[in-house]
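Visitor:
2 protein chains.
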Amino acid sequence: LTAAEPTAFRTTFLELHSWEQAQFFLGLEQAERLTLYTVLTASEVGNFFDDIDDDDQALPEFLAEMPSKFAAKMLTEMYTDNAVDILEHLDKGTINHLLAQMPQQSALDMRRLLHYEDETAGAIMTTEFIAIAADQTLAAAMVALRANAADAELIYYVYVLDQAQRLAGIISLRDLIVNDQQKMVQEIMNERVISVQVTDDQEEVAQTIRDYNFYAIPVTDDENRLLGIITVDDIIDVIDDEAASDYSGLAGVDVEDTSENPLKAAAKRLPWLVTLLFLGMSTASLINHYESLVSEASVLAVFISLITGTAGNAGTQSLAVAVRRLAFPDQARTFLSSLLAEMVTGVVTGLVTGVTITLVVGFWKHSFILGSVIGLAMCCAIIVANLAGSFIPGLMARLGFDPAVASGPFISTLSDLTSVLIYFSIAQYFVTSFVQH
Amino acid sequence: LTAAEPTAFRTTFLELHSWEQAQFFLGLEQAERLTLYTVLTASEVGNFFDDIDDDDQALPEFLAEMPSKFAAKMLTEMYTDNAVDILEHLDKGTINHLLAQMPQQSALDMRRLLHYEDETAGAIMTTEFIAIAADQTLAAAMVALRANAADAELIYYVYVLDQAQRLAGIISLRDLIVNDQQKMVQEIMNERVISVQVTDDQEEVAQTIRDYNFYAIPVTDDENRLLGIITVDDIIDVIDDEAASDYSGLAGVDVEDTSENPLKAAAKRLPWLVTLLFLGMSTASLINHYESLVSEASVLAVFISLITGTAGNAGTQSLAVAVRRLAFPDQARTFLSSLLAEMVTGVVTGLVTGVTITLVVGFWKHSFILGSVIGLAMCCAIIVANLAGSFIPGLMARLGFDPAVASGPFISTLSDLTSVLIYFSIAQYFVTSFVQH
Numbered sequence: 001l002t003a004a005e006p007t008a009f010r011t012t013f014l015e016l017h018s019w020e021q022a023q024f025f026l027g028l029e030q031a032e033r034l035t036l037y038t039v040l041t042a043s044e045v046g047n048f049f050d051d052i053d054d055d056d057q058a059l060p061e062f063l064a065e066m067p068s069k070f071a072a073k074m075l076t077e078m079y080t081d082n083a084v085d086i087l088e089h090l091d092k093g094t095i096n097h098l099l100a101q102m103p104q105q106s107a108l109d110m111r112r113l114l115h116y117e118d119e120t121a122g123a124i125m126t127t128e129f130i131a132i133a134a135d136q137t138l139a140a141a142m143v144a145l146r147a148n149a150a151d152a153e154l155i156y157y158v159y160v161l162d163q164a165q166r167l168a169g170i171i172s173l174r175d176l177i178v179n180d181q182q183k184m185v186q187e188i189m190n191e192r193v194i195s196v197q198v199t200d201d202q203e204e205v206a207q208t209i210r211d212y213n214f215y216a217i218p219v220t221d222d223e224n225r226l227l228g229i230i231t232v233d234d235i236i237d238v239i240d241d242e243a244a245s246d247y248s249g250l251a252g253v254d255v256e257d258t259s260e261n262p263l264k265a266a267a268k269r270l271p272w273l274v275t276l277l278f279l280g281m282s283t284a285s286l287i288n289h290y291e292s293l294v295s296e297a298s299v300l301a302v303f304i305s306l307i308t309g310t311a312g313n314a315g316t317q318s319l320a321v322a323v324r325r326l327a328f329p330d331q332a333r334t335f336l337s338s339l340l341a342e343m344v345t346g347v348v349t350g351l352v353t354g355v356t357i358t359l360v361v362g363f364w365k366h367s368f369i370l371g372s373v374i375g376l377a378m379c380c381a382i383i384v385a386n387l388a389g390s391f392i393p394g395l396m397a398r399l400g401f402d403p404a405v406a407s408g409p410f411i412s413t414l415s416d417l418t419s420v421l422i423y424f425s426i427a428q429y430f431v432t433s434f435v436q437h
Numbered sequence: 438l439t440a441a442e443p444t445a446f447r448t449t450f451l452e453l454h455s456w457e458q459a460q461f462f463l464g465l466e467q468a469e470r471l472t473l474y475t476v477l478t479a480s481e482v483g484n485f486f487d488d489i490d491d492d493d494q495a496l497p498e499f500l501a502e503m504p505s506k507f508a509a510k511m512l513t514e515m516y517t518d519n520a521v522d523i524l525e526h527l528d529k530g531t532i533n534h535l536l537a538q539m540p541q542q543s544a545l546d547m548r549r550l551l552h553y554e555d556e557t558a559g560a561i562m563t564t565e566f567i568a569i570a571a572d573q574t575l576a577a578a579m580v581a582l583r584a585n586a587a588d589a590e591l592i593y594y595v596y597v598l599d600q601a602q603r604l605a606g607i608i609s610l611r612d613l614i615v616n617d618q619q620k621m622v623q624e625i626m627n628e629r630v631i632s633v634q635v636t637d638d639q640e641e642v643a644q645t646i647r648d649y650n651f652y653a654i655p656v657t658d659d660e661n662r663l664l665g666i667i668t669v670d671d672i673i674d675v676i677d678d679e680a681a682s683d684y685s686g687l688a689g690v691d692v693e694d695t696s697e698n699p700l701k702a703a704a705k706r707l708p709w710l711v712t713l714l715f716l717g718m719s720t721a722s723l724i725n726h727y728e729s730l731v732s733e734a735s736v737l738a739v740f741i742s743l744i745t746g747t748a749g750n751a752g753t754q755s756l757a758v759a760v761r762r763l764a765f766p767d768q769a770r771t772f773l774s775s776l777l778a779e780m781v782t783g784v785v786t787g788l789v790t791g792v793t794i795t796l797v798v799g800f801w802k803h804s805f806i807l808g809s810v811i812g813l814a815m816c817c818a819i820i821v822a823n824l825a826g827s828f829i830p831g832l833m834a835r836l837g838f839d840p841a842v843a844s845g846p847f848i849s850t851l852s853d854l855t856s857v858l859i860y861f862s863i864a865q866y867f868v869t870s871f872v873q874h
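Read top to bottom, the protein sequences are chains A and B.
For what it's worth, the working numbering labels the leading residue of the first sequence as 1, then goes sequentially.
For what it's worth, the working numbering labels the leading residue of the second sequence as 438, then goes sequentially.
(1) Chain B beta carbons: is any one of them nearer than 8 Å to that of Gln446/A?
(2) For the region 147-164 of chain A, list every residue whose C-beta sits within 7 Å of some C-beta in chain B, in sequence order.
(3) Smallest Cα separation from Ile132/A: which of Met184/A, Leu99/A and Arg112/A?
(4) Distance check for Tyr79/A and Gly122/A, CA to CA, integer angstroms please.
(5) Could you tell me the alpha carbon to alpha carbon distance between Pro846/B and Arg706/B, rounded to whole angstroms?
(6) From what residue to what residue does the alpha helix (DSSP H) around Ser318/A run?
(7) Tell me, to the nearest whole angstrom, how far the beta carbon of Ser732/B is from that of Ser298/A; I am working on the premise that it is less than 8 Å.
(8) Sort Leu167/A, Phe129/A, Ile170/A and Ala134/A by Cα distance to Leu152/A and report the nearest one.
(9) Helix, strand or coil: which one does DSSP assign to Ile614/B?
(10) Starting from Val597/B, trace the beta strand (DSSP E) in both directions and tell me its first and last residue.
(11) Leaving out the 5 sequence neighbours to the left and right, which residues in its chain are closer than 7 Å to Phe800/B when beta-carbon positions are compared?
(12) Run through the DSSP bridge pairs and tell me what Ala653/B is partnered with.
(13) Select from Ser337/A, Val84/A and Glu203/A the residue whose C-alpha is nearest the C-alpha of Val232/A.
(14) Out of Ser722/B, Thr478/B, Gln865/B and Leu663/B, point me to the one whose CA is closest to Thr448/B's CA.
(15) Against Asp488/B, what residues of chain A qualify as contacts under a CB-to-CB distance less than 9 Å, listed in chain order?
(16) Quick one, are the C-beta atoms of Gly689/B and Thr316/A less than 8 Å apart?
(17) Are any of the Cβ atoms in chain A nearer than 8 Å to that of Gln865/B?
(18) In the DSSP assignment, find the alpha helix (DSSP H) that holds Gly791/B and state where it starts and stops.
(19) Ser172/A lies in the beta strand (DSSP E); which residues open and close that run?
(20) Under a three-way DSSP split, which group does Met547/B fall into?
(21) Let's test the definition: count the other Cβ atoms within 10 Å of the Cβ of Glu117/A and tell me whether it reaches 16, buried, or not, exposed.
(22) Do the CB positions of Thr782/B and Asn823/B come within less than 8 Å of each other?
(23) Quick check: what's the CA-CA separation for Ile426/A versus Ala381/A?
(24) Looking at the structure shown, is Asn82/A part of a helix, part of a strand, or coil, going by DSSP?
(25) State the DSSP-derived secondary structure class of Asn190/A, mapped to helix, strand or coil.
(26) Shorter than 8 Å from the beta carbon of Met621/B to some beta carbon of chain A?
(27) Does DSSP classify Thr413/A as helix, strand or coil?
(28) Ends of the beta strand (DSSP E) at Ala568/B?
(29) Can you tell me the Cα-Cα spacing of Tyr593/B and Gly837/B, whole angstroms?
(30) Restricting to Cα atoms, I'd like to know which of Asp490/B, Ser609/B, Gln542/B and Phe499/B is closest to Glu628/B.
(31) With 16 as the cutoff for other CB atoms within 10 Å, does Pro218/A come out buried or exposed?
(32) Assuming Ala764/B contacts Glu679/B under a Cβ cut-off of 8 Å, what Cβ separation, rounded to an integer in Å, is found between them?
(33) Quick check: what's the CA-CA separation for Gly831/B versus Ser685/B?
(34) Write down the C-beta distance between Val810/B and Ser305/A rounded to the nearest angstrom, noting that I regard them as a contact closer than 8 Å.
(35) By DSSP's criteria, Met74/A is part of a beta bridge. Which residues make up the other side?
(36) Report the residue from Ser870/B, Glu457/B and Tyr866/B whose alpha carbon sits nearest the alpha carbon of Tyr212/A.
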């Protein structure tokens, strides 16, 4: 298709939505892509490059295979935030080489954005916004808007600057259109602008945009100068990443690898598995310590996995709630009060589960003493696992670590250790009562 | 504040952003809220009710405490989708009573939206969009837009209808402003409209909006008549809910309960814990079956929790990837090919972990036969757990169940059973070789 009739192809291709163009592009072989670069202009390619997910591993490869002038032009035509997302994946030499071939202003903008730390407002903002002066009529503002609309990423909000280029107000395009065109901008602008600081964490920005249902939010420096805007589509990516990271924390696996090749996937999972294996060895040596007890009452072995498994499940539940609570803080609860609440939950679930298993084991093994040992051990193990699941992520967050490090498997493996310790301590105390022969 | 100087309060309050007004309102006592309803108009109250999270449990209570005329007026002033979200929480009698006091058109719109099934495009769309005819100039369209802009939820996209009220095209406000005002709408409108069907699942809608980076998407019936639009802020809620449900699936707990009281939390977690306890009993009775083997070689008890724990961890990792893959399907992989990939991953992780533990146990217990038994059992248990974690959610999805039902704790508990079976079968076969005395 690409080779035979370039003009017909161009027409069909350009009728597609840019996201569909991107999907088509991603399905091509290298030879076909090289042809594509000759059929389309840099600006047309940049248009759909804006719609390629910036996590895509192949982006640097695409850039490398383009003539470098074409690549520089294409990046200039993209929205600055997306172009910078691509540049971040390249080495320093390539970045400088590309920036050198761009118009000065674009290169300057990108160089500035490249400096902001990852995961801050500055790193995800774009510089293509519309700013106007306060002392003009709406009609004059509309003329300014028309002139700049084509380049802006979102024209729904128009930002009003004072003489010192500080953010003085905001007008929605709706207000600009609906009001009498002879009114002055400063009359109708909203002076209570909700903005974020360029150094703010991207998750705070996401939370603000969600709370206020904004389509975009202005980003300012500490002197309230407008540096850029962050649009809601970038925030959706942040929310996704955040959810994915909570999720992988719970599973002890980097879930970005859904389409990874199986060997790479194994390489990513093994460090976790082997670390936990060695942590699990401490449980094994604890049981080893009680081996004489087990050989005396081998029935104890029957319930090891039941007690560790149930406590692990309870710990995972409480961990999930704790991590979620850290992501969406609840003003009404302090760390201590949620720990206390978790303890009450642990005692209740522990008691119910403990009594249930006491009865089941009591009838099954015709020994309510054995049943009570299992039940008591399970109750205590659940309470401890619940507390650990709730306490550890909170502690990590307080110490400045990522709470997701306290992953689900880690909590389960840790709770195996405490459960076994509780189980055999209790069993040892009562063993003479239920071993008759 | 509220009681003393109503006028001063009004001025201060109305200067706040509607989300801040909502937060203030949610912090009031009932008596204060009742005063507030007299100080503010129904339309002013409706304005910030749009910003109260529709999951808020207190919404029906707020509506009940308002004079019913006031409540009806307020709901009319809200965006239809948000008003309907509130109505859904009320009983039929109250709904009818409120709808009866609304203007006919609003009542009709809401009644229609109430009929759409939960979690479909129809249930989350709003009917406040801007639609214009194709055969007019842009200048005339701008006049129509000005007249309707105040009521629309989002005016960034203007929808173009043909004579039969079918969706014929779309114009962004940007194009409307930038182009020559004497051009005809049909000349510049985009005829390739990406839309969703009213019966589509909300997750499909979310995916489309994310892929295309839209701020809103039109919703049509099967004859392409425009029924409503879905805006990106509603989609953020869908994405959040979806992430929360995947997350709770992995943990076996409803994580919506982060601020629940501890007894309610216990009541929610217990069904899971007790169900899994009974599933765990099958593992216990399996070990019971091998009790004579354990009393003969009590060293076997030492490694039960290590093998079940490690296999459980591996199963959780593979489950997380599988659930994630179902949420973001990968065209390049079929169900079978991802199962195969997971098997390769399982064999590699199983072999590495197995060899590691063989060496550790071999040196620790001075018996490489025992080490090999543990290693072999662990390798097999990991492969089986990996396959189960990958296969079960896919199977559930194919059978039409929610794959999140195959939660993390469920997979771990199931893998306990298979791991123990594998472990003791292998151990029984070799027991004579490592038990000398």
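Cβ atoms here follow ideal geometry from the backbone N, Cα and C, with glycine treated the same way.
Guide: Reading it off the structure:
(1) Residue 446/A lies beyond the range of chain A shown here (1 to 437); nothing can be said about it.
(2) So the close ones are Ala149, Ala150, Ile155 and Tyr156.
(3) Measuring from the Cα of Ile132/A, the nearest candidate turns out to be Met184/A.
(4) 14 Å
(5) 12 Å
(6) Ile304 to Ala327
(7) 4 Å
(8) Just to set this straight, residue 152/A is Ala in the shown sequence, not Leu. Per the Cα distances, Phe129/A.
(9) helix
(10) Per DSSP, Val597/B belongs to the beta strand (DSSP E) from Tyr594 to Leu598.
(11) none
(12) For Ala653/B, the pairing in a beta bridge is given by DSSP as Thr668/B.
(13) Glu203/A
(14) Thr478/B
(15) Asp211, Tyr212 and Asn213
(16) yes
(17) no
(18) Phe772 to Lys802
(19) Leu167 to Ser172
(20) helix
(21) exposed
(22) yes
(23) 11 Å
(24) helix
(25) strand
(26) no
(27) Three-state DSSP puts Thr413/A in a helix.
(28) Ala568 to Ala570
(29) 38 Å
(30) Ser609/B
(31) buried
(32) 7 Å
(33) Near 17 Å, if we compare the C-alpha coordinates of Ser685/B and Gly831/B.
(34) 17 Å between Cβ atoms; not a contact.
(35) Bridge partners of Met74/A: none, in fact.
(36) The shortest Cα separation from Tyr212/A among Ser870/B, Glu457/B and Tyr866/B belongs to Glu457/B.
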